[in-house]
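**Q**
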Amino acid sequence: MSKGPQKRTLEGRRNSWGWVFVAPVILFFSTFSLYPILMAIWTSFLNKKLLSLKPPKFVGLKNYEIVLGSADFWNSVRASATFCLGVFIPVFTLSLLFATLISTRPRGKRIYQLALYSPAVLSSVVTASVWLILFDPRGLANQLLNTIMNTPGIDHKWLADRSMVQISTMLVYIWKVLGYYTILFVTGIGKIPQSVLEAATIDGANARQRLFHIVIPLLKPTMALVSVMIFISSLKTFSTQYLFTQRGAPVGPVNVLTLNIYNTALHDQNLGKASVMSLLLFATLLLLSWLQIRAAGSGSEIES
Amino acid sequence: MKATALFRPFERGVLAQRTGKTLGTAFLIAVCGIAVVPLVFMLGASLMPGSEVVSIPYRWIPEEPRWSNFHRALSGSDGKWAYLRNIMNSLIVSTTVASSSVFLASFGGYGLAKFKFKGRNTVFMGIMATMMIPFEAVMIPLYLTAVKLGLQDSYAGLILPFLTSAFGVFLMRQYLLGFPDELLDAARIDGCSELRIWRSIVFKNAGPAVATLAILAFRGQWDNLLWPLLISQREELKTIPAYIVRYTADLGADEGQMMAVAVIASLPVFVLFFTMSKYFLGGAGVYSGSKS
Numbered sequence: 126m127s128k129g130p131q132k133r134t135l136e137g138r139r140n141s142w143g144w145v146f147v148a149p150v151i152l153f154f155s156t157f158s159l160y161p162i163l164m165a166i167w168t169s170f171l172n173k174k175l176l177s178l179k180p181p182k183f184v185g186l187k188n189y190e191i192v193l194g195s196a197d198f199w200n201s202v203r204a205s206a207t208f209c210l211g212v213f214i215p216v217f218t219l220s221l222l223f224a225t226l227i228s229t230r231p232r233g234k235r236i237y238q239l240a241l242y243s244p245a246v247l248s249s250v251v252t253a254s255v256w257l258i259l260f261d262p263r264g265l266a267n268q269l270l271n272t273i274m275n276t277p278g279i280d281h282k283w284l285a286d287r288s289m290v291q292i293s294t295m296l297v298y299i300w301k302v303l304g305y306y307t308i309l310f311v312t313g314i315g316k317i318p319q320s321v322l323e324a325a326t327i328d329g330a331n332a333r334q335r336l337f338h339i340v341i342p343l344l345k346p347t348m349a350l351v352s353v354m355i356f357i358s359s360l361k362t363f364s365t366q367y368l369f370t371q372r373g374a375p376v377g378p379v380n381v382l383t384l385n386i387y388n389t390a391l392h393d394q395n396l397g398k399a400s401v402m403s404l405l406l407f408a409t410l411l412l413l414s415w416l417q418i419r420a421a422g423s424g425s426e427i428e429s
Numbered sequence: 106m107k108a109t110a111l112f113r114p115f116e117r118g119v120l121a122q123r124t125g126k127t128l129g130t131a132f133l134i135a136v137c138g139i140a141v142v143p144l145v146f147m148l149g150a151s152l153m154p155g156s157e158v159v160s161i162p163y164r165w166i167p168e169e170p171r172w173s174n175f176h177r178a179l180s181g182s183d184g185k186w187a188y189l190r191n192i193m194n195s196l197i198v199s200t201t202v203a204s205s206s207v208f209l210a211s212f213g214g215y216g217l218a219k220f221k222f223k224g225r226n227t228v229f230m231g232i233m234a235t236m237m238i239p240f241e242a243v244m245i246p247l248y249l250t251a252v253k254l255g256l257q258d259s260y261a262g263l264i265l266p267f268l269t270s271a272f273g274v275f276l277m278r279q280y281l282l283g284f285p286d287e288l289l290d291a292a293r294i295d296g297c298s299e300l301r302i303w304r305s306i307v308f309k310n311a312g313p314a315v316a317t318l319a320i321l322a323f324r325g326q327w328d329n330l331l332w333p334l335l336i337s338q339r340e341e342l343k344t345i346p347a348y349i350v351r352y353t354a355d356l357g358a359d360e361g362q363m364m365a366v367a368v369i370a371s372l373p374v375f376v377l378f379f380t381m382s383k384y385f386l387g388g389a390g391v392y393s394g395s396k397s
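Same order as they appear, the protein sequences are chains A and B. The number in the working numbering is simply the position in the first sequence, starting from 1, with 125 added. The number in the working numbering is simply the position in the second sequence, starting from 1, with 105 added.
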């Protein structure tokens, strides 16, 4: 299109305005994304300490060796993976269920959506601080569980016990994000052509048949998108774990990768190690994002 | 007899369907209730003394509203009003980031959507690629650079890394792809300069996308904990999330006051939510809605 002579035409000159419009964002992303990620790769080969005046030494792959050989890193991988899976299953199934219920009830649809979404409006630190009080030994979580299980006066150690603190962080997260994913599903279901559903009803398909044979197959792209999004965002969880451990919860069980990176960089001041961990997290997220783009791509095929 | 036998299955079906539907609605209402309960708890507890917040059995309505919680939450235990200062910081950072990201993203998004310049696809793919870089991966180099440039404990340090976002550029490009070319050409024929076309035609007509993105960016900063934790060491330059962490980590903190702090932190976003809920819900739908 834009070969030699055409460049001098009016349209060619106008199109070079495109550069003027994109120049600011190119400048921004080179400074605040490209440059730091290259620096992170470079730092991962150095024995760099925060606040140290000694010039850092090039140590090759030693940081990678240390990280991959440390029990602490693998504990974080376990913590992140447990969190991810523990959050994924309930969030995915519940948001799909709620979205189906909401979509089949046009009356009050907006109110349901607003109510379910309202926890997502809170910032994550506020969320964590509210739940911190609910999980207090004398708090509502204990009272509720004791009423249900008929075990008066027992402290379930929501923030102290190894497995309970993991469950607590998951509960907080599930409560916060459910509404968001429900709305994604409601949007997805809304795109299913009504005519198909009506035709099936006329042909005698009942609600269950319509769900399993029409809604779910047509919803596959949204499901793929939502699953990958849950994985990506739950791998980035930080605030709840940070606040809970600041308040005295044991670090080990909930030491997710982001928390470990933060503590390694700021408290141990070991930037090389922190860079290695953040690059490994980046690689994982990159893989998941690639899956997300594929999922979204298959979505537009269905739409067109 | 025959007629009833013929009709019965049909009637039973309708009845079963109706009870099913009612049960579903009841379940949905219960779920919505559960979702809102912690919010109601936060509101109620913000007006109680700490001992009442963690009393057994818990009473949802404060015996005597304790408005002084809000006074104490703002003035702090040392009476230095640090929270008030931090709220102001959050407002400054969030509104600056919201306006700059809308401005820059619509500028860049317009360039990508409406001009066929050489290398456009490369630029677009490059920007999409940065969308996948998690902040955790770049925060340490960014921090070191910021320290070198002396941006610690400054608004510039808090704001600069978030001036715009790749997702914002993507959102704006998708939205502007559908902008009518005839309008742009008509303006050109009338002798409008390219910059003026962007300002007075494109930007002014991108309302929904601008609102969605502005809210997204505002909330992103209102919620941002990690970066302010790194870059702001001085109390005066902390933002709300960092203040809450410090306040909550203090084991002696009164639970009622803690909830008052939380309520104050949530007020601005809830005002936005109730006045512009369309763009909140739209913001959630953007992900699955704009990839066509």
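Cβ atoms here follow ideal geometry from the backbone N, Cα and C, with glycine treated the same way. Computed from a predicted structure; not experimentally measured.
Got a sec: is the Cβ-Cβ distance from A:Ala-240 to anything in chain B below 8 Å?
**A** Closer than 8 Å: yes.
**Q** Kindly indicate the opening and closing residues of the alpha helix (DSSP H) around A:Cys-209.
**A** Where A:Cys-209 is concerned, the enclosing alpha helix (DSSP H) stretches over 196-228.
**Q** For A:Lys-132 and A:Arg-138, I'd like the C-alpha separation in whole angstroms.
**A** Bear in mind that the predicted position of A:Lys-132 carries a pLDDT of just 48, short of 50, making it unreliable; the figure below should be weighed with that in mind. Answer to the nearest angstrom: the Cα atoms are 7 Å apart.
**Q** Starting from B:Arg-225, find everything on chain A with Cβ-Cβ shorter than 7 Å and list it in chain order.
**A** Gly-143, listed in chain order.
**Q** Mind pulling the alpha helix (DSSP H) runs of 4 or more residues that sit fully within the stretch 329-377 of chain A?
**A** For the stretch 329-377 of chain A, whole alpha helix (DSSP H) runs of length 4 or above, ordered along the chain, are 332-335, 341-360, 364-371.
**Q** With which residues is A:Leu-411 paired in a DSSP beta bridge?
**A** The partner list for A:Leu-411 (beta bridge, DSSP) is empty, contrary to what the question assumes.
**Q** Closer than 9 Å by beta-carbon distance: list the chain B residues that pair up with A:Trp-300, in chain order.
**A** Near A:Trp-300 (Cβ distances below 9 Å), the residues of chain B are Ile-139, Ala-140, Pro-143.
**Q** What residues in its chain sit with their C-beta under 8 Å from that of B:Val-315, if we drop five residues either side in the sequence?
**A** Cβ neighbours of B:Val-315 beyond the five flanking positions: Val-207, Ser-211, Phe-308.
**Q** How far does the alpha helix (DSSP H) with B:Leu-235 in it reach, from first residue to last?
**A** One detail in the question is off: residue 235 of chain B reads as Thr in this sequence, not Leu. From DSSP, the alpha helix (DSSP H) with B:Thr-235 extends over 225-235.
**Q** Does A:Ser-414 pass the burial test, meaning 16 or more other C-beta atoms within 10 Å, or should it be called exposed?
**A** Buried is the call here.
**Q** Taking the straight line between their C-alpha atoms, what separation do you get for B:Tyr-392 and B:Pro-313?
**A** With a pLDDT of only 49 at B:Tyr-392, under the threshold of 50, the placement of this residue in the model should not be trusted, and no figure is reported.
**Q** Please list the terminal residues of the continuous alpha helix (DSSP H) segment that includes A:Ile-327.
**A** Note, A:Ile-327: alpha helix (DSSP H), 319-327.
**Q** Give the DSSP-derived three-state secondary structure of A:Leu-257 in the structure shown.
**A** Three-state result, A:Leu-257: helix.
**Q** Near A:Thr-307, which residues of its chain fall below 6 Å by C-beta distance, leaving aside the five closest residues on each side in sequence?
**A** Closer than 6 Å at the Cβ level, and outside the excluded window around A:Thr-307, lie Ser-220, Phe-223, Ala-224, Leu-241.
**Q** Determine the DSSP secondary structure at A:Lys-174, reduced to helix, strand or coil.
**A** Strand.
**Q** Here's the rule I'm using: 16 or more other beta-carbon atoms within 10 Å means buried, otherwise exposed. How should A:Trp-300 be labelled?
**A** The residue in question, A:Trp-300, is buried, as its Cβ has 16 or more Cβ neighbours within 10 Å.
**Q** Do A:Val-255 and B:Met-153 have their CB atoms nearer than 8 Å?
**A** Contact flag unset, no.
**Q** Who are the near neighbours of B:Gln-122 in its chain, counting only those whose CB is closer than 8 Å to its CB and skipping five residues on each side?
**A** Taken in chain order, the list of residues that qualify is empty.
**Q** Within the 8 Å Cβ cut-off, does B:Met-381 reach chain A?
**A** Cβ-Cβ to chain A under 8 Å: no for B:Met-381.
**Q** Could you tell me the distance, in whole angstroms, from the CA atom of B:Arg-304 to the CA atom of B:Thr-269?
**A** C-alpha separation (whole angstroms): 18 Å.
**Q** Taking 8 Å as the cut-off, does the stretch 202-218 of chain A touch the stretch 260-277 of chain A (at least 3 CB pairs, one atom from each stretch)?
**A** The stretch 260-277 of chain A vs the stretch 202-218 of chain A: no contact.
**Q** Determine the DSSP secondary structure at B:Phe-132, reduced to helix, strand or coil.
**A** Residue state, collapsed to three classes: helix.
**Q** Since A:Gln-431 meets chain B, which of its residues come closer than 8 Å, beta carbon to beta carbon?
**A** The question about residue 431 of chain A has no answer, for chain A in this structure spans 126 to 429.
**Q** Give a yes or no on whether the minimum CB-CB distance between B:Thr-130 and chain A is below 8 Å.
**A** Yes, contact with chain A.
**Q** Classify B:Phe-379 as helix, strand or coil using the three-state DSSP reduction.
**A** B:Phe-379 falls in the helix class under three-state DSSP.
**Q** Could you name the residues of chain A that B:Met-237 contacts, counting a contact when the two beta carbons are closer than 7 Å?
**A** Under the 7 Å cutoff, chain A gives Leu-410, Leu-411, Ser-414.
**Q** To the nearest angstrom, how far is the alpha carbon of A:Pro-180 from that of A:Lys-173?
**A** Their Cα atoms are separated by approximately 8 Å.
**Q** What do you get for B:Asp-328, buried or exposed, if any count of 16 or more other CB atoms within 10 angstroms of its CB means buried?
**A** Result: buried.
**Q** Does B:Ser-371 get closer than 8 Å to chain A when you measure Cβ to Cβ?
**A** Yes, contact with chain A.
**Q** Can you name, in chain order, every residue of its own chain whose Cβ lies under 8 Å from the Cβ of B:Val-159, other than the five neighbours on each side?
**A** Glu-360, listed in sequence order.
**Q** Given this structure, state the Cα-to-Cα distance separating A:Tyr-189 from A:Ser-169, to the nearest angstrom.
**A** C-alpha separation (whole angstroms): 8 Å.
**Q** From the beta carbon of B:Asp-290, is the nearest beta carbon of chain A less than 8 Å away?
**A** Chain A, which has no Cβ nearer than 8 Å to the Cβ of B:Asp-290, makes this no.
**Q** Over the uninterrupted alpha helix (DSSP H) stretch that includes B:Leu-335, give me the two end residues.
**A** Where B:Leu-335 is concerned, the enclosing alpha helix (DSSP H) stretches over 331-336.
**Q** Beta-carbon within less than 8 Å of A:Arg-372's beta-carbon, same chain only, minus the 5 sequence neighbours each way: which residues are those?
**A** Hits under 8 Å: Leu-257, Leu-284.
**Q** So, does the CB of B:Glu-287 fall closer than 8 Å to a CB anywhere in chain A?
**A** B:Glu-287 does not count as touching chain A.
**Q** Name the one or two DSSP bridge partners that A:Asn-395 has.
**A** Paired residues: A:Lys-174.
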